[in-house]
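In the UniProt record's numbering, the protein residues as written are 1 to 98.
Written as structure tokens, this is what we have:
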């Protein structure tokens with residue numbers, strides 16, 4: 001039987017993983033999930049963050065951009081090198097967030 005924490009995680013993954021990026025409106029590429037549960041393409045969020053240096057919030061709900069993580073599932077598998085590159089970009093996106 002699944003624990004409550006596991007069930008919550010499953011619900012969050014189902015909720016946010018609609019496969020469309022709300023920034024570029026295309027299929028998610030290297031999907032990143034924010035703490036608030038919204039998903040974006042890594043490059044879209046990186047570009048958004050760099051062009052809007054005054055705004056460190058989720059483009060969708062304005063929650064602070066914290067605890068960003070790469071979404072990995074059966075559709076998205078990444079090499080260790082790719083994961084390292086993603087970690088660096090996530091660190092840059094997350095810098096100076098509230």
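Think of the CB as a built atom: it goes at the ideal place given N, C-alpha and C, for glycine as much as any other residue.
Every value quoted in this text rests on a predicted model; they were computed, and no experiment measured them.
Residues near residue i by beta carbon distance below 6 Å, same chain, minus five either side
{"i": "residue 71", "result": "31 and 33"}
Burial state of residue i, where buried means 16 or more other Cβ atoms lie within 10 Å
{"i": "residue 49", "result": "buried"}
{"i": "residue 78", "result": "exposed"}
{"i": "residue 42", "result": "buried"}
{"i": "residue 58", "result": "buried"}
Whole-Å CB distance - residue i paired with residue j, under 8 Å assumed
{"i": "residue 68", "j": "residue 90", "result": "5 Å"}
{"i": "residue 35", "j": "residue 28", "result": "Going by Cβ atoms, the distance from residue 35 to residue 28 rounds to 17 Å, so no, they are not a contact pair."}
8 Å Cβ shell around residue i - same chain, five flanking residues per side excluded
{"i": "residue 24", "result": "41 and 44"}
Cβ shell of residue i (< 7 Å), same chain only, five flanking positions each side left out
{"i": "residue 97", "result": "With a pLDDT of only 48 at residue 97, under the threshold of 50, the placement of this residue in the model should not be trusted; the figure read from the coordinates follows. Answer for residue 97: 56, 64, 65 and 66, listed in chain order."}
{"i": "residue 177", "result": "With the chain running from 1 to 98 in the structure shown, residue 177 is simply not present."}
{"i": "residue 87", "result": "none"}
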